[in-house]
Every structure is written in structure tokens, then in C-alpha cells.
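Colleague:
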Amino acid sequence: MRILFIDIDTLRADHLGCYGYHRDTSPNLDRLAQDAVRFENNFVTDAPCLPSRTALWSGRFGFRNGVVGHMGSSADPFNDGCPRGFRDSYDATSWMSALRQAGLYTVTVSPFGERHSAWEWYAGYREMHNPGKGGLERADEVVPTAIDWIERNGDRDDWFLHVNVWDPHTPYRTPPEYGDRFADDPLPAWMTEELRQKCWNGFGPHSAQELAGHDLNEAWVSQYPRVPLQLDSMDAVRQWIDGYDMGIWYADMWIGKLLDALAAKGILEDTVIIVSSDHSESQGEFNVWGDHQTADPSVCRVPLLIRWPGITDRPAACAGSQSSAGRVDKGRVDRALHYHFDWAATLIELAGGTVPGNWDGVPYTEAFKAGAAQGRPYLVTSQGAWSAQRAVRFDFKGEAWVCLRTYHDGHKALDPVMLFNLTHDPYMQHNLIAERPDLVDKAMGMLAAWHHEMMLKSGTNIDPLMTVLREGGPSHTRYELPKYLERLRATGRGDCAERLEKLHPDEV
57 MRILFIDIDT LRADHLGCYG YHRDTSPNLD RLAQDAVRFE NNFVTDAPCL PSRTALWSGR
117 FGFRNGVVGH MGSSADPFND GCPRGFRDSY DATSWMSALR QAGLYTVTVS PFGERHSAWE
177 WYAGYREMHN PGKGGLERAD EVVPTAIDWI ERNGDRDDWF LHVNVWDPHT PYRTPPEYGD
237 RFADDPLPAW MTEELRQKCW NGFGPHSAQE LAGHDLNEAW VSQYPRVPLQ LDSMDAVRQW
297 IDGYDMGIWY ADMWIGKLLD ALAAKGILED TVIIVSSDHS ESQGEFNVWG DHQTADPSVC
357 RVPLLIRWPG ITDRPAACAG SQSSAGRVDK GRVDRALHYH FDWAATLIEL AGGTVPGNWD
417 GVPYTEAFKA GAAQGRPYLV TSQGAWSAQR AVRFDFKGEA WVCLRTYHDG HKALDPVMLF
477 NLTHDPYMQH NLIAERPDLV DKAMGMLAAW HHEMMLKSGT NIDPLMTVLR EGGPSHTRYE
537 LPKYLERLRA TGRGDCAERL EKLHPDEV
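Just so we're aligned: the sequence shown equals residues 57 to 564 in my numbering.
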């Protein structure tokens with residue numbers, strides 16, 4: 057068994073052709089999807105980067121592993137304490153450890169562990185290749201290492217190779233000689249001047265007037281010409297989205313080279329290929345542009361493509377569905393609700409291993425092999441780095457809904473409770489809390505049930521998201537408010553400053 061896991065950082069599913077995008081950003085992934093299962097509702101449990109990959113690699117919610125943020129106590133896993141043996145729980149029960157126990161030789165090509173000092177994330181790997189730029193690598197600085205490994209080792213059996221590319225992540229840095237392939241393509245239809253003006257008059261880190269955080273970062277424009285300073289016009293919006301889409305296209309181009317390396321080795325057709333991401337990316341939702349600051353689907357819904365020879369290339373009842381872009385997809389489509397670590401658990405079983413007993417991930421192995429969809433009744437996702445928020449994603453009478461519970465707004469226009477109908481309002485522009493209090497109650501009941509389950513299963517009496525609040529709020533917004541209030545008033549947004557000042561008097 058040979059398994060290639062392509063991990064594309066910061067990737068929106070709806071900016072891929074196989075998920076219905078109107079721009080040709082992903083020709084290689086689109087071809088791969090023809091013989092794969094495309095998961096429509098695959099969600100990371102905890103966002104963004106460090107919490108997401110810690111949850112996936114540990115098989116546990118951030119609530120239980122302790123990692124829900126990027127700095128402070130919530131950036132490190134809970135200590136095993138007295139039960140710790142000569143080796144810790146990550147050595148015994150991590151995703152890679154479980155695959156290794158199943159007989160796979162585990163390899164990663166990624167800067168992630170060093171970028172976030174996530175040393176526990178390396179548990180179970182036999183080889184670790186660090187490109188060395190802490191996430192600022194382009195695909196041409198990552199993929200050649202993986203190709204070299206395949207050329208030297210690909211014809212061996214029983215390996216798992218993780219390849220992590222970062223090109224869609226800000227700052228957008230596709231080499232200038234590739235130009236702008238999308239200059240003549242329209243923007244996504246919902247990105248209008250009305251939306252841009254609303255965002256321009258609004259506030260928040262990575263909003264239309266502060267794309268780089270709480271302030272301007274003119275170094276971006278000088279160092280990364282694909283990045284505009286502000287979204288002061290629709291031309292700037294186009295430059296911004298084109299930069300993101302070029303990052304996806306550039307990653308896809310190098311993925312094509314990676315697949316070519318498998319073909320040259322004669323092993324492409326019998327290699328399992330998985331494509332996913334650590335989180336998605338808001339591009340205008342809640343006035344967040346090019347960042348991952350909430351627990352909603354714009355951040356937590358991620359693509360998942362699985363091509364498994366002998367399983368996904370068999371005809372299935374759900375094959376041949378039509379994408380929103382009008383293409384007919386030959387691959388299977390799974391629309392059930394899944395957490396990312398449910399697939400990780402499934403992979404362990406497909407590899408002949410046993411899912412560790414401390415995991416929250418639930419395998420759907422038999423359903424996957426049968427071409428069926430077996431998902432969760434609802435999902436709870438969390439954010440602790442840029443805001444303190446949990447979201448409940450559920451279906452009701454054939455329509456998709458999300459309810460957001462915000463404990464700290466991260467200096468954004470986030471109400472304490474919000475409700476959105478994703479079927480009719482996928483970009484969450486219309487809060488329906490007043491119109492559907494019944495669904496708010498339903499969602500809050502689900503959140504309470506999930507929280508109760510987490511507390512019963514937890515090895516501590518701590519909800520780490522509350523630790524984020526006790527330590528001063530989300531790490532990326534901590535101590536930023538006084539200067540930001542000055543900026544808001546200096547740029548004619550005194551009403552926004554007053555709102556934040558009233559909401560966060562302890563931070564002023």
C-alpha cells in the first residue's frame with residue numbers, strides 16, 4: 057500500500073473547479089477528482105493552523121488535546137501528567153503512530169512543526185523533511201524534495217508520504233513571471249461594489265482597510281506585488297482574489313509534477329491519493345479577507361478528495377453528479393457531515409490498523425468501501441486564535457444551517473449568537489436569529505450536548521477556550537485594541553471605535 061497525502065494550506069473548496077468554481081484554478085486536482093470521492097461537508101474541528109493539525113494528528117478535539125490557539129497556554133497540548141510513561145500519549149496514539157503500527161513507513165515534507173513549535177506533531181514519523189522557511193515556501197521549494205523521495209523510494213511498498221504546500225496562504229507570492237491567468241475571468245458573483253463598500257466602512261483585523269492585521273503593512277506591497285495595500289476599489293478586490301487563485305493554481309501545477317513523478321515510477325495507478333487542507337479561508341465573510349479567524353464554514357469547511365484504487369474507481373449510485381459550474385463529475389460525491397479526523401480514523405482501518413481508544417474520530421470504513429455516505433448528525437467547530445467562537449453546523453428539513461456562538465469577537469463585527477441558512481446564503485450575509493429562534497434553540501441544545509460529552513471524556517476539568525479568555529482573549533488580537541481604536545478614529549470610523557470600546561473596556 058502506498059499513500060500520498062497532499063496537504064494544501066488555506067484552501068477553499070469553492071475555489072476549486074471540481075467543487076464548482078468558474079475559474080480554472082485546479083486542472084490537476086480536477087482530473088484527480090474524476091476517480092475520487094469528493095467530500096462536500098468535510099470540516100476541521102478546530103481552526104486555524106495549529107489547532108487543526110493537532111486535532112487531526114491526535115484524533116481528538118482541541119477541547120480534549122488542549123490546543124485551541126496559537127499562543128499562550130492553549131497552544132500546547134495538555135500534559136499527560138502522572139499516567140505518562142517513558143513515552144507520551146502522542147507516541148502511542150497519534151495518527152502517524154497508528155499508521156506506523158499498521159506497517160506503513162511514514163514521511164513528511166513540511167515546515168509545519170517548526171513554524172508552530174508543534175514538536176508533538178512529529179510523533180510517529182520515520183522521516184521529517186523541513187524546507188526551512190516556516191510556511192513562506194512556494195511549492196517549487198517543497199515539492200522537489202517529495203519528488204526526490206519518490207524517485208529514490210517510490211517502488212518500495214507500504215509508505216505514507218505527507219506533502220504540505222502553502223501557496224494559497226497570504227502573502228500571495230506566485231512568481232511574477234506567471235502573470236495573472238485570471239485577469240479576464242469575473243470575480244465570484246457575490247463580490248460586488250456594495251459588499252466592498254460595506255467592508256470598507258467596517259472594521260476588524262484583516263478587513264478591507266487593514267488587510268495585514270490591525271494596521272497597514274506597506275512592506276507587503278513592496279515585497280509581494282500580488283498583494284494590494286487596501287481594498288479601496290474593485291480593482292483592488294480583483295488583485296486580491298486573483299492573488300489567492302494564482303496561489304491555488306501554482307500549487308496545483310506543482311501537484312501535477314508530483315503526480316507525474318508517480319507515473320514515471322510506474323506507481324501512479326496503484327497509489328492512494330488524498331488531498332485536503334488544514335482550514336479554509338474567509339474572503340469577505342464577516343469582513344475578513346485572506347485570513348482564518350472564525351469557526352464558521354468559510355474557515356472550517358475544507359476540501360477532501362480521496363482516490364483509492366479498487367474502491368473509488370468502481371461505479372457508484374452517487375456518481376455523475378453535476379457541479380455548479382456545469383461540468384459532469386465522474387467521481388463519487390459524499391454530502392454527509394464529517395470531521396477531518398473521521399477520515400483519519402477510516403484510513404487507519406483501511407491500512408489494517410486499529411483506531412486508538414482515546415480518539416474522537418469515528419471511522420466510516422464500511423460505508424466508504426460500499427460507496428455510501430455515513431456521517432455525523434451535526435458538527436461543532438471551534439476557533440481560538442483570532443476570536444473565541446464555536447459553531448454548530450446542522451441540517452434541517454433538507455437545508456444547511458450554521459449557528460455561531462461568539463465568546464470574544466476578536467475585534468470583528470460578530471454578535472454573541474448568529475444564525476445563517478447556508479443553502480440560500482452561503483456567504484453568511486443575513487443573520488436570521490430573530491426570524492428563527494427555534495433553530496437557535498435547537499443549535500444551542502446541540503452545542504450544550506457536545507460540551508457535556510467533551511467534559512465527560514476530558515482528562516481535565518478545563519475548557520481550553522475559556523483559558524483563552526482568561527489569558528486576555530484570542531492571541532492574535534491580544535493587546536492590539538488601544539492602537540486600533542486610534543486608527544479607527546483617524547480613518548473616520550469613530551462609531552466602530554465606540555462599539556469596540558464599549559464591548560472591551562478591560563482591553564482599553
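Built from N, CA and C at the ideal position, the CB exists for glycine as well.
Measuring alpha carbon to alpha carbon, tell me which of Leu272, Pro353 and Pro359 ends up nearest Ile304.
Modeller: Of the listed residues, the one whose Cα sits closest to Ile304 is Pro359.
Colleague: Alpha carbon to alpha carbon, how far is Ala426 from Asn257? Give it in angstroms, no decimals.
Modeller: Rounded to the nearest angstrom, the two C-alpha atoms are 51 Å apart.
Colleague: My assumption, with CB atoms under 8 Å, is that Ser438 sits in contact with Ala504. Please give the rounded CB distance.
Modeller: Contact doesn't hold; Cβ gap of about 15 Å is too wide.
Colleague: For Phe450 and Ser514, what's the separation of their Cα atoms in angstroms?
Modeller: Rounded to whole angstroms, Phe450 to Ser514 spans 24 Å at the Cα level.
Colleague: Of the residues Pro261, His262, Ala264 and Asp223, which one's Cα is nearest the Cα of Asp301?
Modeller: For the residues Pro261, His262, Ala264 and Asp223, the minimum Cα distance to Asp301 belongs to Asp223.
Colleague: What whole-angstrom Cβ distance do Val524 and Gly125 have, given they're in contact under 8 Å?
Modeller: Going by Cβ atoms, the distance from Val524 to Gly125 rounds to 5 Å, so yes, they are a contact pair.
Colleague: I need the straight-line Cα distance from Gln339 to Gly346, nearest angstrom please.
Modeller: Those two C-alpha atoms are separated by around 5 Å.
Colleague: Can we say the segment 279 to 296 touches the segment 191 to 209, given the rule of at least three CB pairs closer than 8 Å?
Modeller: At 8 Å Cβ cutoff, the stretches do not touch.
Colleague: My understanding is that Trp205 touches Val163, with C-beta atoms under 8 Å, so please give their C-beta distance in whole angstroms.
Modeller: About 6 Å separates the two Cβ atoms, so the contact holds.
Colleague: Is the segment 225 to 243 in contact with the segment 310 to 323, if contact means three or more CB pairs nearer than 8 Å?
Modeller: The segment 225 to 243 vs the segment 310 to 323: no contact.
Colleague: Decide yes or no for the touch test of the segment 267 to 274 against the segment 229 to 239: beta carbon pairs closer than 8 Å, at least 3 of them.
Modeller: No, the segment 267 to 274 does not touch the segment 229 to 239.
Colleague: Closer than 8 Å by C-beta to Val496: which residues in its own chain qualify, once you throw out the five before and the five after it? Chain order, please.
Modeller: So the qualifying residues of the chain are Cys459, Val473, Leu475 and Ile489.
Colleague: Under a three-way DSSP split, which group does Ala447 fall into?
Modeller: DSSP places Ala447 in strand when its eight states are reduced to three.
Colleague: Report the partner residues of Glu266 according to the DSSP bridge assignment.
Modeller: Ser263, per the DSSP bridge assignment.
Colleague: Just the Cα atoms here: how many angstroms apart are Arg282 and Met510?
Modeller: So the two alpha carbons sit approximately 43 Å from each other.
Colleague: Out of Asn84, Lys468, His480 and Ser153, which one is the CA nearest neighbour of Trp177?
Modeller: Closest by alpha carbon: Ser153.
Colleague: Let me know the secondary structure DSSP gives Thr410 once reduced to three states.
Modeller: The answer is coil: DSSP assigns Thr410 none of H, G, I, E or B.
Colleague: From which residue to which residue does the beta strand (DSSP E) around Arg391 run?
Modeller: Note, Arg391: premise wrong, no beta strand (DSSP E); not H, not E.
Colleague: Under the DSSP definition of a beta bridge, which residues are partnered with Met127?
Modeller: Paired residue(s): none; Met127 is not in a bridge.
Colleague: Leaving out the 5 sequence neighbours to the left and right, which residues in its chain are closer than 7 Å to Lys254 when beta-carbon positions are compared?
Modeller: Cβ neighbours of Lys254 beyond the five flanking positions: none.
Colleague: Could you pull out every residue in the same chain whose Cβ sits closer than 6 Å to the Cβ of Val328, ignoring the five residues on either side in sequence?
Modeller: The residues are Ile59 and Trp364.
Colleague: Need the endpoints of the alpha helix (DSSP H) that Thr533 sits in, please.
Modeller: Where Thr533 is concerned, there is no enclosing alpha helix (DSSP H), given that its DSSP letter is neither H nor E.
Colleague: Taking 7 Å as the cut-off, decide whether the C-beta atoms of Leu155 and Ala428 are in contact.
Modeller: Contact flag unset, no.
Colleague: Per DSSP, which residues does Thr162 bridge with? Please list them.
Modeller: Per DSSP, Phe216.
Colleague: Considering just the uninterrupted stretch of the beta strand (DSSP E) at Leu460, what are its terminal residues?
Modeller: Run containing Leu460: Glu455 to His464, per the beta strand (DSSP E) assignment.
Colleague: The alpha helix (DSSP H) that contains Glu554, what's its start and end?
Modeller: Taken as a continuous stretch (DSSP letters only), the alpha helix (DSSP H) holding Glu554 covers Gly550 to Leu559.
Colleague: By the DSSP assignment, the alpha helix (DSSP H) with Ile323 in it spans what residues?
Modeller: First-last for Ile323: undefined, no H or E at that position.
Colleague: Can you tell me where the beta strand (DSSP E) with Arg94 in it begins and where it stops?
Modeller: That run of the beta strand (DSSP E) goes Val93 to Phe95.
Colleague: Straight-line CA distance for Ala444 to Asp316?
Modeller: Roughly 43 Å separates the two Cα atoms.
Colleague: Do the segment 97 to 110 and the segment 383 to 397 meet, that is, are 3 or more Cβ pairs less than 8 Å apart?
Modeller: Yes: the two stretches touch, three or more of their Cβ pairs being nearer than 8 Å.
Colleague: Taking all protein chains shown into account, do 16 or more other C-beta atoms lie within 10 angstroms of the C-beta of Asp308, making it buried, or fewer, making it exposed?
Modeller: Looking at its Cβ environment, which holds 16 or more other Cβ atoms inside 10 Å, Asp308 is buried.
Colleague: So, for Tyr181: in the same chain, excluding its five sequence neighbours on each side, which residues have a beta-carbon less than 6 Å away from its beta-carbon?
Modeller: Counting only Cβ-Cβ distances below 6 Å, and skipping sequence neighbours, we find Met152, Thr162 and Thr164.
Colleague: Candidates Arg120, Pro353 and Gly466: which alpha carbon is nearest Met484's?
Modeller: Among Arg120, Pro353 and Gly466, the Cα nearest to that of Met484 belongs to Pro353.
Colleague: Should Leu512 go down as buried or exposed, given a rule of 16 or more other Cβ atoms within 10 Å for buried?
Modeller: Per the 10 Å Cβ criterion, exposed.
Colleague: Restricting to Cα atoms, I'd like to know which of Glu422, Gly169, Pro530 and Tyr434 is closest to His43.
Modeller: Missing from the structure shown is residue 43; the chain here goes from 57 to 564 and no further.
Colleague: Using the Cβ count rule (16 or more neighbours within 10 Å means buried), how would you classify Ser263?
Modeller: By the 10 Å Cβ count, Ser263 comes out buried.
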